[in-house]
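What follows is a short report on a single structure.
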DNA sequence: TATGAATGAGGATTCATTCAT
DNA sequence: AATGAATGAATCCTCATTCAT
């Protein structure tokens, strides 16, 4: 009987929830939400499928909690950056760096988000995904436009296209990024920023 | 004993197959393979679920045919480019342009590929996905390295990282691209190339 | 296009029916009625599943026709034997010999009969199976009882048990008998009769 | 990473399994394996079709377990007989008696075996059926040949034919035998042996 | 006579979920 | 907190059958 790290006398225990959610997130990320069975999660966590329902209402509510937690932390980080009111280029740099840090800490959640976002956003329960996305777009697009206006970014590029380009570039990394690998999040951010800002061609 | 066994899966009209595959691809792309029911495809195509099995062995074989067809055409295009034996920069430009053309023609297939690639590649039936991917990596990475060697591309960037960056950037476009939209594939390619090669920052 | 042995200008053609029924019987015997698909029969016969319905109403009606034809011929043979009004031992000998001849000519039908008899006999359409069986029992049991009464057969054996014993012994042979094999039906009958009548122990 | 993977198919209570298998065997025997629906078994057992899958992997695995259990016990009985190293006649007597005891205890399994043996033996999963059958043939045929050599059995009969005759005679009994009927297995064995060894004709 | 395409009912199986213990 | 057993709805797939050509 592993996992007896905690005080025996604990109740519904949020720690156990977090453990189980971590397992669930990992499996969701690896197989996709639909392809993941509750039993698989339970197997991986070392209990029976039915037992998960002591901790969670449903498979969907696990997904919900995973995504909501991630987005909360993401926006906390973003808001800190935005509150600093830097110039456009510095803002982009800070946002990208922050994003890679989030990928480092919530890799599974980011991967799930990437995969399921579109479909989920249509469900009432997950409306916050759509809201988050539109706020996201607003922040990034706004920063880029400000940059163009201030002649920090090139004016000859389609801003929406550029926005999508930068956005995708950052988040897709979650599909291959492995925490603890060769590059730290900050190192990856630096390389990405260098490419995006200055291009890969020799001048 | 007269017994003119026909090749099981090739009898029914290939035109009808193509129609049905187009429908299936669209639904797979929109909902994800797992979340798509055979009945949904049939509904969309205007026949009953069971009737699909006159044309295809299984839901999986539809997916297979969709992806294989796409990859075939993709590599046909790529090979034409590679046979031209251009310089590194021109090769990258041609490959990117070709890629956006493929996205234009196989948007659904590309979206499915992006979503399901990882999990599918482990199935024996879809081994060709892994093979394609490794050939893909070989081609792109090789071109980038050649470019660095010839001082056409910057030497201070991690080439693997750059490879992933460019690769993802291109293909993720399938998730938002809509054929017949504001930008032609060539126009999008031009913008992407400009960003990737020269960066978005004003020099 | 094989099988053009007949006059081109023929109509619904009973010869074609017979050919197809022979194929069907073979497959039913090999796989069992339920496990046999109409398509399998059609494949084996070199046409498409739907085309069988030009010749037959249903899968069941093929089965019906196969069994009815067999039983008709069987009873024709049996009736000839019975009309000869031989003594009990000679009757048994003649019936057994006749049975092996039927197995020789209708091996597939006999095998099907053995397998499906019980379940089919309950269906209204196949009531004749039950009737045939009861007439069968009447004939054999009667002959055995007559033999016991005439002191030709042993009196210390349970007659019903003996009946089942002899009956099974004969018909189960259909499951391994291959026409054109080492033994002619008459040779097999001779051996079987020798065993059943005189036993295998040395006296 | 705590992950106490349990052996997939052995967790649920073996008693319940046995109950359910008994029901399944009865239905398989009565209707044939193919003609039996999982729902029918479930109905008969008083639960829903899907619930059977908590206990068994598939309909086929139920069949597998039924047959394997039967054959295990059969060979246990046979091996006891063979270990006694009796003379040929006594061996045959003991094997026949043992066989009728097995029919008494596993009537349904024997009936299923008779019906499905041939087709199943070709499936990899049921290879043990073919193996059992060949060992069976080896034992019986060997005993008969020994009997002939020792002049206990007649030399003028084809041994293979005799083998099939005896084998079928015994096992087909499962198709009409009803446990708890007029005759005990031992009584039936005695009658069968008397017929097979000494014949039904008065000497 | 036969084909090609489809129907529609049913069958095995999966799986999220429930609940008494 | 967790188990064991079950539910019931949904899913993929099969197959006998139909029918216009």
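Residue numbers (our numbering), protein chains in the order written: chain A, 8 to 210; chain B, 8 to 210; chain C, 8 to 210; chain D, 8 to 210.
Every residue gets a Cβ at the ideal spot worked out from N, C-alpha and C, and that includes glycine.
Three-state secondary structure (DSSP) of residue 208 of chain B: Shown here, residue 208 of chain B sits in a strand according to DSSP, grouped into three states.
Cβ-Cβ distance between residue 116 of chain D and residue 143 of chain D below 7 Å: Taking 7 Å as the Cβ cut-off, residue 116 of chain D and residue 143 of chain D do not qualify as a contacting pair.
Cutoff 7 Å: residue 169 of chain A Cβ touching any chain B Cβ: Taking Cβ atoms only, chain B reaches closer than 7 Å to residue 169 of chain A, which makes this a yes.
Run of the alpha helix (DSSP H) containing residue 35 of chain C, from where it starts to where it stops: From DSSP, the alpha helix (DSSP H) with residue 35 of chain C extends over 21-38.
Segment contact, 8 Å Cβ cut-off, at least three pairs: the stretch 89-97 of chain B with the stretch 157-168 of chain B: A contact is defined here as three or more CB-CB pairs under 8 Å, and the stretch 89-97 of chain B meets this definition with respect to the stretch 157-168 of chain B.
Nearest to residue 90 of chain B (by Cα), restricted to the options B:63, B:125, B:146: The closest CA to that of residue 90 of chain B, considering only B:63, B:125, B:146, is found on B:146.
CB contact below 7 Å: residue 164 of chain D versus chain C: Chain C contact via Cβ: present.
For residue 192 of chain D, the nearest candidate out of D:203, D:202, D:180 (CA to CA): Among D:203, D:202, D:180, the Cα nearest to that of residue 192 of chain D belongs to D:180.
Inter-residue spacing [alpha-carbon to alpha-carbon] between residue 99 of chain C and residue 150 of chain C: Each residue's Cα considered, the two are about 7 Å apart.
Where residue 160 of chain A falls: helix, strand or coil (DSSP): Residue 160 of chain A: strand per DSSP, three-state reduction.
Same chain, Cβ closer than 7 Å to residue 48 of chain C, neighbours up to 5 away in sequence not counted: Within the same chain, 30, 31, 34, 59 come within 7 Å of residue 48 of chain C by CB-CB distance, once the 5 residues on both sides are set aside.
Cβ neighbour criterion (16 or more within 10 Å) applied to residue 106 of chain B: Residue environment analysis places residue 106 of chain B among the buried positions, since at least 16 neighbouring C-beta atoms fall within 10 angstroms of its C-beta.
Sub-7 Å separation of residue 62 of chain A and residue 24 of chain A beta-carbons: Their beta carbons are under 7 Å apart, which means residue 62 of chain A touches residue 24 of chain A by this criterion.
Amino acids of chain C, ordered along the chain, whose beta-carbon sits closer than 8 Å to that of residue 42 of chain D: Correct list: 41, 126.
Cβ pair count under 8 Å reaching 3, the stretch 189-206 of chain A against the stretch 135-142 of chain A: With the cut-off at 8 Å, the stretch 189-206 of chain A and the stretch 135-142 of chain A do not touch.
Partner residues on chain C for residue 206 of chain D, Cβ-Cβ distance less than 9 Å: Those are 161, 201, 202, 203, 204, 205, 206, 207, 208, listed as they occur along chain C.
Residue-level contact to chain B via CB, residue 172 of chain A, 7 Å cutoff: Under the Cβ criterion of 7 Å, residue 172 of chain A is counted among the residues facing chain B.
Length of the line joining the Cα atoms of residue 207 of chain D and residue 66 of chain C: Distance between the alpha carbons of residue 207 of chain D and residue 66 of chain C is about 42 Å.
Under 7 Å between C-beta atoms of residue 36 of chain C and residue 119 of chain C: Taking 7 Å as the Cβ cut-off, residue 36 of chain C and residue 119 of chain C qualify as a contacting pair.
Of the residues C:40, C:43, C:56, C:72, the one placed nearest residue 21 of chain C, counting alpha carbons only: Relative to the Cα of residue 21 of chain C, the nearest Cα in the group C:40, C:43, C:56, C:72 belongs to C:72.
Contacting positions in the stretch 96-114 of chain C - beta carbon closer than 8 Å to chain D: So the close ones are 96.
Other residues of its chain near residue 46 of chain B: CB distance less than 7 Å, five sequence neighbours each side excluded: Counting only Cβ-Cβ distances below 7 Å, and skipping sequence neighbours, we find 56.
Beta-carbon neighbours of residue 150 of chain C, restricted to chain D and to distances below 9 Å: In chain order: nothing, as chain D lies at least about 12 Å away.
Neighbour flag for residue 83 of chain C against chain D, beta carbons, 7 Å: Not a single C-beta of chain D is nearer than 7 Å to the C-beta of residue 83 of chain C.
Three-way DSSP call (helix, strand, coil) for residue 190 of chain C in this model: If DSSP states are grouped into helix, strand and coil, residue 190 of chain C belongs with coil.
Residue 175 of chain D burial status per 10 Å Cβ neighbour count (16 or more: buried): Buried, since its Cβ has 16 or more Cβ neighbours within 10 Å.
Spatial distance of residue 197 of chain D from residue 101 of chain D (CA atoms): When rounded, the distance between both Cα atoms is 10 Å.
Assigned exposure category for residue 121 of chain C - 16 Cβ within 10 Å defines buried: It is buried - the Cβ of residue 121 of chain C has at least 16 other Cβ atoms within 10 Å.
Alpha helix (DSSP H) segments (min. 4 residues) lying fully within the stretch 73-156 of chain C: Correct list: 95-112, 114-127, 134-156.
Expected contact under 8 Å - CB spacing of residue 103 of chain C and residue 177 of chain C to nearest Å: Between residue 177 of chain C and residue 103 of chain C the Cβ distance is about 6 Å, and since that is below 8 Å, they are a contact.
Exposure of residue 185 of chain C, with buried meaning 16 or more beta-carbon neighbours within 10 Å: With fewer than 16 Cβ atoms within 10 Å of its Cβ, residue 185 of chain C is classed as exposed.
Simplified DSSP state of residue 44 of chain B, which is helix, strand or coil: Under the three-state reduction of DSSP output, residue 44 of chain B falls in the coil class, being neither helix nor strand.
Per-residue contacts from residue 176 of chain A into chain B (C-beta, under 7 Å): In chain order: 172, 175, 176.
Residue-level contact to chain D via CB, residue 158 of chain C, 7 Å cutoff: Yes, residue 158 of chain C counts as interfacial toward chain D.
7 Å Cβ shell around residue 81 of chain D - same chain, five flanking residues per side excluded: Around residue 81 of chain D: 109.
Chain D contact for residue 198 of chain C (CB, 7 Å cutoff): Residue 198 of chain C has a beta carbon lying within less than 7 Å of a beta carbon in chain D.
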